[in-house]
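S.K.:
Residue numbers (our numbering), protein chains in the order written: chain G, 1 to 426; chain L, 427 to 796.
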C-alpha cells in the first residue's frame, strides 16, 4: 500500500469538504431544527415540554460520548465503512421513531439509535478532513462547518412544511430518508494512507499514548473550558434580551444576525488560519480571548446599538474559533492519531457543554439576572485561552522547523528513508 | 310581554353620533324631567306633526322593574363629525354661532358608519344609546331606529342636552328572534347612523386541516373562549349538507368535554371515508354558533412512496461514487509495485487527486515530544 508523506491539500480533499459540509448539515442542522417537532410531540403525547426536550439532549449526549467509539472504529477500518454504518443507524432511528406510541420510544429511537449513528459519522469525517489537508486545513474545516449554520436556516421551514403536509409520523419518515444521505456522504470519504499510519499503531496503543501526551491533555482541558462558556449566549441571549425589555421578534431576529456573522467568522478564520504562519493555537487563543471579553462586556451594554454590536462581534469570534479549534489537534498529535484524538476531545468537551447551560441558568435563578452567567461564561473562555498558552511552540515567531521525520524517527528506523524521499520531491 | 321578562339582565349600549341638524325634543312631561334644555315652541309643534314616538315613563318603569334581577350591560359609541361648508375658494369655513370664520382647518372625518359588535350569551335586557352631536339645528333631525330593514315603532326615547342629542332603545332579548342588527338613524342621510350587532359568542375550531393516517384515532376539539353553551352537537359535512353524528355507533364516535366551554369528538379506526369537514354547534338560549375542523386522512403509502424514492436516489448516489472510484483505481493499478518508486509514481499518476507540490509548506505534522 502506498503511503503519502504529505496530505494532498486539495483534489479529492475538496470532495471530502463537500461530504463534511453535508454531514454537519444533516447531523447538527437536524438537531437544531428539531424544535419544530417538539410542539407536535407535546400535543401528540400530552407530555410537558421539559420531558420532550430530553429527546434532543439524549441525542446530543450520545453523539458526543460515542465519539471515541467512532474514532476507534475508523482507525481500524477507515472512515468510509464507519460513516456509512452511522448513516444507516441514524436513518433507522428516525424510521423507528415514526412508529412511536410513547415518549420512551422516541428517547430510544431518536436519542439512542440516531445519536449513536451521528456519533459514528461526525467525528471520523472531521478527522478525515484534517488528514486530507495541511496547508489549507483551517479553511477546509471552516467551509465544512458552515453546513451547520446554513442548514438550520433551511431545515426549520422545511420541517414545518413536512409537518403541515404529512403530520409528524410522515415527517419523521421523510427526515429518515434525508438522513440516508449520510451514507452517500460516507461513500465520498476515500481512505487515505499517510506516512504516520503504520507508526502509530492500532487504536488501543494510540489512546494510551494520547492519554500520556502532555500537550494533548492540556489542549483537552482548554477545549473543555471553552466549551463550557461557548454555548451560553446561544441558550440565554434571547431570554437576556427579553429581561431588558426587548420584544420576542426583534430578539429572535438578533439571534439570526448572530448566526450569519458566525458563518462569516468561520470562513474568515479558516482562511486566516492558513494564511498566518506559526502555530494555529495562537489564533485560537486570540479568538477565545476576544469572545471571553465580549461575553464579559454583555452586562455592561444596555443600549440597543451596543447590544447589537456585541452580538455581531460575538457571532463572528465564536464562529471564528471553531475551525481553528479543530486545526490545532493535528498539529499536536499528528494526523496518524487524529481519529482517536478527536474522539477523546469530543467526549471530554461534551462534559463542559452539558454543564455550561444549566450552570448559567442556575446563576440566573440565584442572582436574578444574566450578568453573573455571562461573566462566568467569559471567565471560562479566558481560562481556556490561558491554558492554551502552555501549549508547545506557542511563542515561536518563525515558521515551525520540525518535519514529519521527527514523528517518524521516534518509531522504527526502517521508516526514516521515506520522508526524506518525500522531501526530495520539492 | 314585558312582565314576562322581568328576570332578564339589563344591557345598556350607547352610541354617539355627531352630524347635521337634529330633531326636536320630546314633548312629554316625563321626558322633560330627564332632559335638559328644550327647543323653542315652534319646533315642538313641528315635532308633534312629525310624530316622533317616545316611551312614556310609566312604561319604562314597568319594564325596568320586570327585568331588574338581570344583569345590565352598557355599551356606548361616540361619533363626532365636524360640520364644514366649503366656499368656492376651497378653504374650510367654520360656522360658529352664526358667524362665518375662515380658517384653514382639517376636515375631521366622522367615524361613520359607527358599528359595535355585542356578544350576548344569555337572555338579558339590552339598552342601546346613540349620542349625536350635530353642527346645526338640533331640532331638525329625525331620529329613527331600525332592526335590519324593519322600522321600529316603539321602545325608544329621544332627548337632548345642550348640543348633544341622545336616543335610547331598550329591548328584552330572550330568544334568537331578538338578535340581529339594530341601527339608530339621524336624519335621512345613510351615513349618520350607528349600528349594534347582537351576536352569540363565537366558537373556535381549527383553521389548519388536521392530518391523520388510516387506522389512527383523532380528537377534534371546539372551544369557546369565555362562554358556557347549554349544549354541543356535532355534524359531519359533505359539501353543504350537514349530517348529525349520533353517538355510540359501535364506539367509533365518542363525544366528551373536559370543561363546559369545550367539546371533544374522538373518532377511532379512521378510514379515508372519514375525511372532510366536521362542524360543532354550540347551543345557547339566544341561538346557535358553529365552528369547523377539517380532517384529512392519508394512507401510509403517501409518505412511504416518497421515502422509497429518496432511498433509491441515495443508493444510486452511493453506486455512482463507488463505481467512479473503482474506475479511477483501475488506472492506478499498474503502479502498484515497489515502495521505492511509489512516491514518484503516486505523484505522477494521482492526477485525479490533484496534489499541490508547489509553495512552501507551512503546516507540518509536528511531533511535540511524546
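A virtual CB, placed ideally from N, CA and C, is assigned to each residue, including glycine.
Which of the three DSSP states is assigned to residue 12 of chain G in this structure?
M.R.: helix
S.K.: For the segment 735–764 of chain L, list every residue whose C-beta sits within 7 Å of some C-beta in chain G, in sequence order.
M.R.: 736, 737, 740, 743, 744, 747, 748 and 751
S.K.: Pick helix, strand or coil for residue 277 of chain G, following the three-state DSSP scheme.
M.R.: Three-state result, residue 277 of chain G: coil.
S.K.: Can you name the residues of chain G whose CB is closer than 9 Å to the CB of residue 566 of chain L?
M.R.: Chain G residues near residue 566 of chain L: none, gap ~52 Å exceeds 9 Å.
S.K.: Within this structure, are the beta carbons of residue 55 of chain G and residue 31 of chain G separated by less than 8 Å?
M.R.: no
S.K.: Strictly below 7 Å CB to CB, what residues from chain L border residue 181 of chain G?
M.R.: Chain-order list of chain L residues neighbouring residue 181 of chain G: 740, by C-beta distance under 7 Å.
S.K.: Just to confirm, are residue 546 of chain L and residue 712 of chain L a CB contact at a threshold of 8 Å?
M.R.: yes
S.K.: Closer than 8 Å by beta-carbon distance: list the chain G residues that pair up with residue 639 of chain L, in chain order.
M.R.: 167, 169 and 170
S.K.: Buried or exposed for residue 337 of chain G, please, with buried defined as at least 16 other CB atoms from any protein chain shown within 10 angstroms of its CB.
M.R.: buried
S.K.: Where do the ends of the beta strand (DSSP E) carrying residue 717 of chain L lie?
M.R.: 713–724
S.K.: Flag this pair as touching only if the segment 255–271 of chain G and the segment 313–330 of chain G have three or more C-beta atom pairs under 8 Å; answer yes or no.
M.R.: yes
S.K.: If we call anything under 8 Å between Cβ atoms a contact, is residue 631 of chain L one with residue 717 of chain L?
M.R.: yes
S.K.: Using a C-beta cutoff of 8 Å, does residue 729 of chain L count as contacting chain G?
M.R.: The beta carbon of residue 729 of chain L sits closer than 8 Å to some beta carbon of chain G.
S.K.: Between the C-alpha atoms of residue 366 of chain G and residue 359 of chain G, what's the straight-line distance to the nearest angstrom?
M.R.: 11 Å
S.K.: Could you run through the segment 598–613 of chain L and flag, in chain order, every residue whose CB is less than 7 Å away from some CB of chain G?
M.R.: none
S.K.: Taking 7 Å as the cut-off, is the CB of residue 692 of chain L close to at least one heavy atom of the ligand HEM?
M.R.: Looking at this structure, you won't find the ligand HEM or any other ligand, since it has none at all.
S.K.: Here's the rule: buried if 16 or more other CB atoms are within 10 angstroms of the residue's CB, otherwise exposed. What is residue 466 of chain L?
M.R.: Confidence at residue 466 of chain L is low in this model, with a pLDDT of 37, below 50, so its placement is unreliable and the value that follows should be read with caution. When all chains shown are included, residue 466 of chain L counts as exposed.
S.K.: Whose Cβ in chain L lies nearer than 8 Å to the Cβ of residue 184 of chain G?
M.R.: Listed along the chain, the chain L residues whose CB falls inside 8 Å of the CB of residue 184 of chain G are 740, 743, 744 and 747.
S.K.: By how many angstroms is the C-alpha of residue 669 of chain L removed from the C-alpha of residue 182 of chain G?
M.R.: 50 Å
S.K.: Name, please, each residue of chain L whose Cβ falls closer than 7 Å to the Cβ of residue 190 of chain G.
M.R.: The answer, in chain order, is 751.
S.K.: Are any of the Cβ atoms in chain L nearer than 8 Å to that of residue 74 of chain G?
M.R.: no
S.K.: If I'm right that residue 98 of chain G touches residue 176 of chain G with Cβ under 8 Å, what's the distance once you round it to whole angstroms?
M.R.: 7 Å
S.K.: Is it the case that the Cβ atoms of residue 20 of chain G and residue 126 of chain G are separated by a distance below 8 Å?
M.R.: yes
S.K.: Can you tell me which of the three DSSP states residue 291 of chain G falls into?
M.R.: helix
S.K.: What are the boundary residues of the beta strand (DSSP E) that residue 670 of chain L is part of?
M.R.: Secondary structure note for residue 670 of chain L: its beta strand (DSSP E) is the uninterrupted segment 667–670.
S.K.: With residue 206 of chain G as the anchor, note down where its alpha helix (DSSP H) starts and where it stops.
M.R.: 203–211
S.K.: Taking its Cβ as the centre, do 16 or more other Cβ atoms sit within 10 Å of residue 17 of chain G, making it buried, or is it exposed?
M.R.: buried
S.K.: Measuring straight from C-alpha to C-alpha, what distance separates residue 232 of chain G and residue 370 of chain G?
M.R.: If I take the Cα positions, the gap works out to 10 Å.
S.K.: I need the straight-line Cα distance from residue 748 of chain L to residue 81 of chain G, nearest angstrom please.
M.R.: 12 Å
S.K.: One question on the structure: do residue 671 of chain L and residue 682 of chain L come within less than 8 Å of each other, judged by their Cβ atoms?
M.R.: no
S.K.: DSSP state of residue 418 of chain G, grouped into three classes?
M.R.: With a pLDDT of 37 at residue 418 of chain G, under the threshold of 50, the predicted position of this residue should be treated as unreliable, and no value is reported.
S.K.: Taking C-alpha atoms, which residue in L:714, L:648 and L:610 lies nearest to residue 575 of chain L?
M.R.: When each option's Cα is compared against that of residue 575 of chain L, the closest is L:610.
S.K.: Look up residue 617 of chain L in the DSSP assignment and say whether it is helix, strand or coil.
M.R.: coil
S.K.: Using a Cβ cut-off of 7 Å, which residues of the segment 97–122 of chain G contact any Cβ in chain L, in chain order?
M.R.: none
S.K.: Assess, as a yes-or-no matter, whether the segment 104–112 of chain G is touched by the segment 148–167 of chain G under the definition of 3 or more beta carbon pairs within less than 8 Å.
M.R.: The segment 148–167 of chain G vs the segment 104–112 of chain G: no contact.
S.K.: Which same chain residues, not among the five before or five after residue 623 of chain L, have their C-beta less than 6 Å away from its C-beta?
M.R.: 543 and 607
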